[in-house]
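Visitor: My structure is below; once you've seen it, I'll send some questions.
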Amino acid sequence: MQRRFLRLGLERQQDFVVHLPLRYEDETRIQPIGSLRPGQTGQIEGEILHSEVQFRPRRQLVAMIEDGSGRLALRWLNFYPSQQRQVERGKRVRVRGELRGGFSGLEMVHPRVTVADGALPDSLTPVYPTTDGLSQPTLRRAIDQALRDADLSDTLGEDIRRRYGLMPFAEAIRILHHPPPSVSYQDLVEREHPAWRRIKFDELLAQQLSLAMARAARLSQRSRAYAGAGPGLVPALEKRLPFALTAAQRRVVEEISADLARAYPMHRLLQGDVGSGKTVVAALAAAQVIANGGQVAMMAPTEILAEQHHRKLAGWLEPLGVRIAWLTGSLGVKARREAIAAIESGEAQLVVGTQALIQDKVVFADLGLVILDEQHRFGVGQRLELSRKGEAAGGALIPHQLNMSATPIPRTLAMTFFADLDVSVIDELPPGRSPVVTKLASDGRRDEVLALVAQEVRSGRQAYWVCPLVEESEALQLQTAVETYERLSQALPDLRVSLIHGKLKPAEKARVMDAFRSGDIDLLVATTVIEVGVDVPNASLMIIEHAERFGLAQLHQLRGRVGRGAVQSICLLLYQSPLSQVARQRLRAMYETGDGFEIARRDLEQRGPGEFLGLRQSGAALLRFASLEADEALAAQAQELARHWLEHDPGKAQVHMHRWMRGRQDYLRS
Ligand code: ADP
Ligand code: MG
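In the working numbering, the protein residues as written are 16 to 685.
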């Protein structure tokens, strides 16, 4: 039993107390049979008119019950002799079950039968979330026991309850476990009742407190402070750039620079729509740390992207004397050994790479800053892993961390999930970009599409052709890509067509990307390996085949590969009819807006916060009762109180947290 309770997260009495019902059954009254309708759950009392075991169409026990207002058949397909005796002719019984329209009038299948005329409960009967092998009555008994034994004292004082209009905790808990019949059932199940409001507030408060405490813990950690521009590396880099920073870039560079100059770890999320120029911001942050003697690691989710960063950063920083190492999974044994040695000795000041950077063998001499590009592509564990590298090397010193993402997190989410994350936003694209024109076309119009590709290439530009996503099978995905490539090569014989996909050797991938970048390829047929980050400004046309199979964030990322130069770019979404409702919504969103924040908002709406944030495996159930969208105002109040408490009343904060958190804090750190 203990194990089953644990599976539900029920360990301490407190846990049972806040294990709240999903719904309720009304056993407080007896209903006349004549008033019942199919689909309802009913509770009746009456006399058994007759009962018998029938053998057709199969063995079953059937009884007929009457209460003066009507009669009803009771049916069991499996039964014990004791059940048979319960419904012998002439007995008065109480029966509870779901009503169906049966062959010959109303019936209940497998109803629950008890003796008639017993006392009726005076509150609704709770139905709790449970797990295999744990019955409702057992769970109810355990919870009722906890309600008697546990400390139900209020963690909020009278003044606070009055201020936020909240009912006392014990009262709310009692109402939710055993609602009196006077309570509106509707309010209960829709979680609108004031008792629910109190519980949601408590839950949000606990969450805000734990986030704020994570923050306090971070501020008490120590990092090296990388103050000032050092021996001129930052200004020198700026001078080398072929463009001037936008005002938004300048602002976030300063925010980051100030963080790096502090002696506790930076934990900052840099958000900026695709193409807003996050890479150069990262480079300037890296320069500040390197100029002051620290090491920097930059990790990207794909080899293509890491390669591109390496190229770009090397182009900017190597002429200024910065030594850069390169580390990915596909490196040869010798090159890899050399890279690891350079990282360990501190000779490499900047390390660019993929997940290979978080392997055990890699030890940093003095890691001062960790940069994660497209941070949402990494798991929570991976994000923690890289920052721990610094802990291991520098002893007590924690590296600063800069996370970059083009998937903007809407405000409510940021507030509730990432209170311990400072956010910088690049809300401006570099000048001279014209917005991408998005078009939708059904698959039937392929010829027009081919003509469009040819025309774009004739005017000196380049195009991407993204192959359909085949989620079920990687092999099939590859085959589709190869076929698409062959088909397009045939249809467009004058064009230089090339293919890139995930199964190519890294060196081969790099060669293809190089050729595309330098203009030796007109049309690049690609799988989603080009989804994130790839930057080729002369590419102005993107065709996405079977666009209906892609997610919204993914489509927006793909579209972000074009519109990076001054020429008008087009993103053409080819779809196969008929479209599902969801796919139609997605494509419409793509058509209607190019704004990453708006896209993210709609994506969130369609997928819900857990999946959106990739939190499914890591404790999406952190909020069990409150909802981020519906309870935004309540969350703001909880945040206000959390701040106040931590400053003036940390003891109360501890007590409250203790009631609500069940050791689920780890992932808040990432
Ligand atoms: P993302 O934010 O999507 O990572 P990138 O950093 O790849 O964007 O930048 C997109 C392109 O814009 C790159 O070619 C980059 O060199 C260029 N760029 C960045 N900042 C500016 C700027 N201030 N002015 C002009 N071009 C810029
Ligand atoms: Mg980028």
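All C-beta atoms in this analysis are idealised placements derived from N, C-alpha and C, irrespective of residue type, glycine included.
Just mark residue 494 as buried or exposed, buried being the case when its beta carbon has 16 or more other beta carbons within 10 Å.
Guide: That one is exposed.
Visitor: By Cβ distance, which residues of its chain are closer than 6 Å to residue 3, with the 5 residues on each side in sequence left out?
Guide: What is shown of the chain runs 16 to 685, which leaves residue 3 out entirely.
Visitor: Report yes or no: do three or more beta-carbon pairs, one from the region 193-213 and one from the region 32-46, lie closer than 8 Å?
Guide: Flag = yes, the region 193-213 and the region 32-46 touch.
Visitor: Quick check: residue 62 and residue 112, are their CB atoms within less than 8 Å of each other?
Guide: Cβ distance not < 8 Å, so residue 62 and residue 112 don't count as in contact.
Visitor: Starting from the C-beta of residue 99, find all residues in its chain whose C-beta is less than 7 Å away, skip the five residues before and the five after it, and write them out in chain order.
Guide: If we look at residue 99 and ignore the five residues flanking it on each side, its Cβ neighbours are 76.
Visitor: With distances taken Cα to Cα, identify the nearest neighbour of residue 538 among 545, 503, 519.
Guide: With distances taken between Cα atoms, residue 538 lies closest to 503.
Visitor: For residue 112, report the span of its beta strand (DSSP E) as first-last.
Guide: Segment 107-117, the beta strand (DSSP E) holding residue 112.
Visitor: Under the assumption that residue 372 contacts residue 378 (Cβ atoms under 8 Å), give the Cβ distance between them as a whole number of angstroms.
Guide: With 8 Å as the limit, residue 372 and residue 378 do not qualify as a contact, their Cβ atoms being about 11 Å apart.
Visitor: Would you please state the rounded distance, in angstroms, between the beta carbons of residue 589 and residue 558? I believe it to be under 8 Å.
Guide: The pair is a contact, with the Cβ atoms about 6 Å apart (cut-off 8 Å).
Visitor: Starting from residue 675, follow its DSSP beta bridges and name the residues at the other end.
Guide: DSSP output for residue 675 lists no bridge partner at all.
Visitor: Going by DSSP, what residue range makes up the alpha helix (DSSP H) through residue 574?
Guide: Segment 567-574, the alpha helix (DSSP H) holding residue 574.
Visitor: By Cβ distance below 7 Å, which residues in the same chain neighbour residue 46 in space, the five residues on each side in sequence not counted?
Guide: 57, 58, 59.
Visitor: Is DSSP giving residue 60 helix, strand or coil here?
Guide: Three-state DSSP puts residue 60 in a strand.
Visitor: Buried or exposed for residue 349, please, with buried defined as at least 16 other CB atoms from any protein chain shown within 10 angstroms of its CB.
Guide: Looking at its Cβ environment, which holds fewer than 16 other Cβ atoms inside 10 Å, residue 349 is exposed.
Visitor: How would you write the range of the alpha helix (DSSP H) that residue 454 sits in, first residue to last?
Guide: No alpha helix (DSSP H) holds residue 454; the beta strand (DSSP E) holding it covers 452-457.
Visitor: Is the Cβ of residue 378 closer than 8 Å to any Cβ of chain D?
Guide: The chain labelled as chain D is not found in the depicted structure, where only one protein chain is given.
Visitor: Output needed for residue 23: all residues of its chain with C-beta closer than 6 Å, excluding positions within five of it in sequence on either side, in chain order.
Guide: These residues qualify, in order along the chain: 146.
Visitor: Could you check what DSSP says for residue 439 in three-state terms: helix, strand or coil?
Guide: In the structure shown, residue 439 sits in a strand (DSSP, three-state: E or B).
Visitor: Classify residue 351 as helix, strand or coil using the three-state DSSP reduction.
Guide: Note: residue 351 maps to helix in three-state DSSP.
Visitor: Please state whether DSSP places residue 16 in a helix, a strand or coil.
Guide: In the structure shown, residue 16 sits in coil (DSSP, three-state: anything other than H, G, I, E or B).
Visitor: Got a sec? Which residues, its chain only, sit under 7 Å from residue 591 by beta carbon, not counting five neighbours each side?
Guide: So the qualifying residues of the chain are 458, 561, 563.
Visitor: Tell me which residue opens and which closes the alpha helix (DSSP H) that residue 209 is part of.
Guide: Start and end: 209-234.
Visitor: Is the beta carbon of residue 465 sitting closer than 8 Å to the one on residue 507?
Guide: Contact flag set, yes.
Visitor: Expressed to the nearest angstrom, what Euclidean distance is found between the alpha-carbon atoms of residue 492 and residue 540?
Guide: Cα to Cα, the separation comes out at about 13 Å.
Visitor: Are the Cβ atoms of residue 363 and residue 338 separated by less than 8 Å?
Guide: Against a cut-off of 8 Å, the Cβ pair of residue 338 and residue 363 comes out as a contact.
Visitor: Whole angstroms is fine: what's the gap from residue 636's alpha carbon to residue 190's?
Guide: Because residue 636 sits at a pLDDT of 40, beneath the cut-off of 50, its placement in the model cannot be relied upon, and the following sentence gives the value as read from the coordinates. Their Cα atoms are separated by approximately 23 Å.
Visitor: For residue 445, which residues of its own chain have a beta-carbon under 6 Å away from its beta-carbon, when the five flanking residues on both sides are left out?
Guide: Excluding sequence neighbours, residue 445 sits near 261, 292.
Visitor: Quick one: is residue 409 buried, meaning 16 or more other Cβ sit within 10 Å of its Cβ, or exposed?
Guide: Its pLDDT being 49, under 50, residue 409 is placed unreliably by the model, and nothing is read from it.
Visitor: Out of curiosity, what's the CA-to-CA distance linking residue 19 and residue 640?
Guide: Those two C-alpha atoms are separated by around 22 Å.
Visitor: From the DSSP output, which residues share a beta bridge with residue 89?
Guide: In DSSP, residue 89 forms a bridge with 78, 123.
Visitor: Between the Cα of residue 606 and those of 295, 450, 53, spot the shortest distance and give me the residue it belongs to.
Guide: Residue 450 is the option with its Cα nearest to residue 606.
Visitor: Could you name the residues that DSSP lists as bridge partners for residue 40?
Guide: The partner list for residue 40 (beta bridge, DSSP) reads 140.
Visitor: Look at residue 319 and residue 528 and say whether their C-beta atoms are less than 8 Å apart.
Guide: Result yes, Cβ atoms of residue 319 and residue 528 sit closer than 8 Å.
Visitor: Okay, do the region 219-231 and the region 664-677 touch, 3+ Cβ pairs below 8 Å being the bar?
Guide: Enough Cβ pairs lie closer than 8 Å, so yes.
Visitor: For the ligand ADP, any of its heavy atoms closer than 7 Å to the Cβ of residue 299?
Guide: Every heavy atom of the ligand ADP is 7 Å or more from the Cβ of residue 299, so no.
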